[in-house]
Amino acid sequence: MQPIGVFDSGVGGLSVLKALRQTLPHARFVYVSDAGHAPYGERDVHHVLDRSAAIGRHLVEEHEVRALVVACNTATAAAIATLRANYPTLPIVGVEPALKPAAARSRTGVVGVLATRSTLASDKFAALLQAQDPEVRFVLQACDGLAAAIENADPEKIRALCARYTTALGPFGNAPGQMDTVVLGCTHYTFAADVLGTLVGPNVMLMDAGLPVAQRTASLLAPSDGDGLATGAAAPWVDLWTTGAASALEHAAGRWLHGTGAARHVEIA
Ligand code: DGL
1 MQPIGVFDSG VGGLSVLKAL RQTLPHARFV YVSDAGHAPY GERDVHHVLD
51 RSAAIGRHLV EEHEVRALVV ACNTATAAAI ATLRANYPTL PIVGVEPALK
101 PAAARSRTGV VGVLATRSTL ASDKFAALLQ AQDPEVRFVL QACDGLAAAI
151 ENADPEKIRA LCARYTTALG PFGNAPGQMD TVVLGCTHYT FAADVLGTLV
201 GPNVMLMDAG LPVAQRTASL LAPSDGDGLA TGAAAPWVDL WTTGAASALE
251 HAAGRWLHGT GAARHVEIA
């Protein structure tokens, strides 16, 4: 059975992988963390485009993936059109901030968006924002350093940055004019949801896009692709690769996912 390829600049895409695993419990996955060339969100868009193209090529040529999930908002904004042009017959799914579900859910009509600087500056995001209900007010906040703090598993830094960025967004609550919904527009931020949830309070909903991405991926796969067949007992459900330190990816996967094996380092040029 051919695997599904999933990549991100680092460990953030594991939040999407978790949803993929729940939605496609019998599928095999190959996950690439590009930690050796991260973070993407504060880098030049050409860097993100080049890295995404290189990883896409690696997953297609070395792992013969049957679908590709770009588990990174920043890489989706910069590179999904190029990836689709490079592999026109391959199902390719990207992730983008969940503005529409957030707007539908909000009662106050005030929605916060936490994302990388690069995502918020992209044409793709501008088009997405433009397509939303004009009655809803979106407050945008670039979160420099937050993905890196999550990548480095640095709890103090995560707490300090989350406090800084939520303070910039608020006030939070259910009263008119208050923000009752916050979009997590970077896949890393799901792993700071506990901290963010404490800061914004119990009445505010945090929304990521893991589940919709997983459902979209499942909908693009033909049943004959092998989902639903039992995998051999010895076959791991995911192969973990990283262009950075194997221990960091292994530690994050061990913490947030179940039943993952060792992570391996790979150079992808
Ligand atoms: N996880 C990535 C995203 O969803 C970005 C993290 C980074 O800045 O590298 O945008």
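Per our numbering, the sequence shown starts with residue 1, numbered consecutively. For glycine and all other residues, C-beta sits at the position ideal for the given N, C-alpha and C. On a predicted model such as this, the values are computed, not experimentally measured, just so you know.
{"Check": "In chain order, which alpha helix (DSSP H) runs of at least 4 residues are fully inside the segment 62–133?", "Outcome": "73–86, 99–105, 117–121, 123–130"}
{"Check": "Three Cβ pairs or more, each shorter than 8 Å: is that satisfied between the segment 17–33 and the segment 87–98?", "Outcome": "no"}
{"Check": "Would you say the beta carbon of Pro202 comes nearer than 7 Å to a heavy atom of the ligand DGL?", "Outcome": "no"}
{"Check": "Helix, strand or coil for Ala230? Go by DSSP, reduced to three states.", "Outcome": "Note that Ala230 scores 47 on pLDDT, short of 50, meaning its location in the model is unreliable; the coordinates nonetheless yield the value given after this. Coil, per DSSP."}
{"Check": "Drop a sphere of 10 angstroms on the beta-carbon of Ser247, count the other beta-carbons inside from all chains shown, and report buried for 16 or more, exposed for fewer.", "Outcome": "exposed"}
{"Check": "Consult DSSP for Ala142 and reduce its assignment to one of helix, strand or coil.", "Outcome": "strand"}
{"Check": "Spatial neighbours of Arg309 within its chain, please: C-beta separation below 7 Å, excluding the five flanking residues on both sides.", "Outcome": "Nothing can be reported for residue 309: it is not among the residues displayed for the chain, which extend from 1 to 269."}
{"Check": "Could you tell me whether the segment 78–88 touches the segment 47–54, using the rule of 3 or more Cβ pairs below 8 Å?", "Outcome": "yes"}
{"Check": "Between which two residues does the alpha helix (DSSP H) carrying Trp241 extend?", "Outcome": "Not the alpha helix (DSSP H): Trp241 falls in the beta strand (DSSP E), residues 238–242."}
{"Check": "Could you tell me whether any non-hydrogen atom of the ligand DGL is closer than 7 Å to the CB of Ile46?", "Outcome": "One detail in the question is off: residue 46 reads as His in this sequence, not Ile. No - the ligand DGL has no heavy atom lying nearer than 7 Å to the Cβ of His46."}
{"Check": "Three or more C-beta pairs closer than 8 Å, one from the segment 6–21 and one from the segment 64–75: is that the case here?", "Outcome": "yes"}
{"Check": "Report yes if the CB atom of Gly170 is closer than 8 Å to the CB atom of Gly36, and no otherwise.", "Outcome": "no"}
{"Check": "Sort Ala148, Ala192, Val139 by Cα distance to Gly177 and report the nearest one.", "Outcome": "Val139"}
{"Check": "Count the other CB atoms within 10 Å of the CB of Glu151; is the residue buried (16 or more) or exposed (fewer)?", "Outcome": "buried"}
{"Check": "For Ala103 and Val111, which I take to be in contact (beta-carbon distance under 8 Å), what is that distance rounded to the nearest angstrom?", "Outcome": "6 Å"}
{"Check": "Mind checking whether the beta-carbon of Cys72 lies closer than 7 Å to any heavy atom of the ligand DGL?", "Outcome": "yes"}
{"Check": "If you count every other CB in all the chains shown that lies within 10 Å of the CB of Ala253, and 16 or more means buried, which is it?", "Outcome": "buried"}
{"Check": "Does the distance between the C-beta of Cys162 and the nearest non-hydrogen atom of the ligand DGL fall short of 7 Å?", "Outcome": "no"}
{"Check": "With Val183 and Leu59 assumed to form a contact (beta carbons below 8 Å), what rounded beta-carbon distance in angstroms separates them?", "Outcome": "Contact doesn't hold; Cβ gap of about 27 Å is too wide."}
{"Check": "What are the partner residues of Val32, as DSSP defines its beta bridges?", "Outcome": "Phe7, Trp241"}
{"Check": "Among residues of its own chain, excluding the 5 on either side of Tyr165, which ones have a beta-carbon nearer than 8 Å to its beta-carbon?", "Outcome": "Leu114, Gln141, Cys143, Leu146"}
{"Check": "Output the boundary residues of the beta strand (DSSP E) element that contains Ala163.", "Outcome": "Careful: Ala163 lies outside any beta strand (DSSP E), inside the alpha helix (DSSP H) at 155–169."}
{"Check": "Ordered along the chain, which non-local residues of its own chain (more than five positions away) have a Cβ less than 8 Å from that of Ile55?", "Outcome": "Phe7, Val32, Asp34, Ile268"}
{"Check": "Going straight from the alpha carbon of Leu221 to that of Trp237, what length do you get?", "Outcome": "17 Å"}
{"Check": "Comparing alpha-carbon positions, which option in Gln2, Asn203, Val266, Arg216 lies nearest Arg105?", "Outcome": "Asn203"}
{"Check": "Going along the chain, which residues of its own chain have a beta-carbon closer than 7 Å to the beta-carbon of Gly185, five neighbours each way excluded?", "Outcome": "Asn73, Pro97, Val113, Leu114, Ala115, Thr119"}
{"Check": "Assuming the contact rule is C-beta atoms closer than 8 Å, Val11 and His188 should be a hit. Round their C-beta distance to whole Å, please.", "Outcome": "7 Å"}
{"Check": "Along the chain, where does the beta strand (DSSP E) containing Ala19 start, and where does it finish?", "Outcome": "Where Ala19 is concerned, there is no enclosing beta strand (DSSP E), although the alpha helix (DSSP H) it sits in stretches over 14–23."}
{"Check": "Less than 7 Å separating the Cβ of Asp8 from some heavy atom of the ligand DGL?", "Outcome": "yes"}
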